[in-house]
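Residue numbers (the numbering used here): 11 to 185.
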């Protein structure tokens, strides 16, 4: 309907981005594969391939923080002044343990990549870590731990991880 076109053409107030890791996409290989916890059927018109030579999260995702910078500056280059303010609505990783130094390194590198995009002129207004607490993950259930706070699923005791304290200190230092 004509009235629908007016509504859906209204500019958005902000643009949300979930960023975890990039993927390589290529021609179909004709076989089913598993990628990042997801079964990829053989009949897809493409294949998803691993990015070699990068550290990986416990979920098997490559750690490529500069991909976040490239994504954000690419949006800026493509859309210019039409790009609304950006909010990183999800960014995080799966690592085991309460002394989760790998998660700290992941978040530190991604926040630095975000800062590079800001310096390049991308209007980023917010950044949210996924997730505050370990939780049920849609593809893996309770098998993966994404939170800054460890949850004992038997007792429901919550224990802040090293990444929780690190992120708190980063936020405090920024005022």
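The beta-carbon is built from N, C-alpha and C at its ideal position, and this holds for glycine as well.
To which residues does DSSP link residue i through a beta bridge?
{"i": "residue 59", "result": "34"}
{"i": "residue 45", "result": "48"}
{"i": "residue 168", "result": "161"}
{"i": "residue 151", "result": "147"}
{"i": "residue 98", "result": "27, 137"}
{"i": "residue 65", "result": "Note: residue 65 sits in no beta bridge, so no partner."}
{"i": "residue 21", "result": "The partner list for residue 21 (beta bridge, DSSP) is empty, contrary to what the question assumes."}
{"i": "residue 72", "result": "66"}
Near residue i, which residues of its chain fall below 8 angstroms by C-beta distance, leaving aside the five closest residues on each side in sequence?
{"i": "residue 106", "result": "68, 155"}
{"i": "residue 186", "result": "Past the edges of the chain, shown from 11 to 185, lies residue 186, and the structure says nothing about it."}
{"i": "residue 23", "result": "94, 95"}
{"i": "residue 142", "result": "157, 158, 159"}
On the CB-based measure, 16 or more other CB atoms within 10 Å of its CB, does residue i come out buried or exposed?
{"i": "residue 15", "result": "exposed"}
{"i": "residue 151", "result": "exposed"}
{"i": "residue 89", "result": "exposed"}
{"i": "residue 146", "result": "exposed"}
{"i": "residue 52", "result": "exposed"}
{"i": "residue 125", "result": "exposed"}
{"i": "residue 148", "result": "exposed"}
Which whole-angstrom value is the C-beta distance of residue i and residue j, which I expect to be below 8 angstroms?
{"i": "residue 174", "j": "residue 158", "result": "4 angstroms"}
{"i": "residue 72", "j": "residue 59", "result": "Not confirmed; about 11 angstroms, so no contact."}
{"i": "residue 82", "j": "residue 134", "result": "7 angstroms"}
Using a Cβ-Cβ cutoff of less than 6 angstroms, which residues in the same chain neighbour residue i once the five nearest sequence positions on both sides are dropped?
{"i": "residue 32", "result": "74, 77"}
{"i": "residue 110", "result": "171, 172, 173"}
Which residues in the same chain have their Cβ closer than 7 angstroms to the Cβ of residue i, if we skip the five residues on either side of it in sequence?
{"i": "residue 38", "result": "54, 55, 56, 57"}
{"i": "residue 112", "result": "105"}
{"i": "residue 114", "result": "172, 173, 176"}
{"i": "residue 163", "result": "152"}
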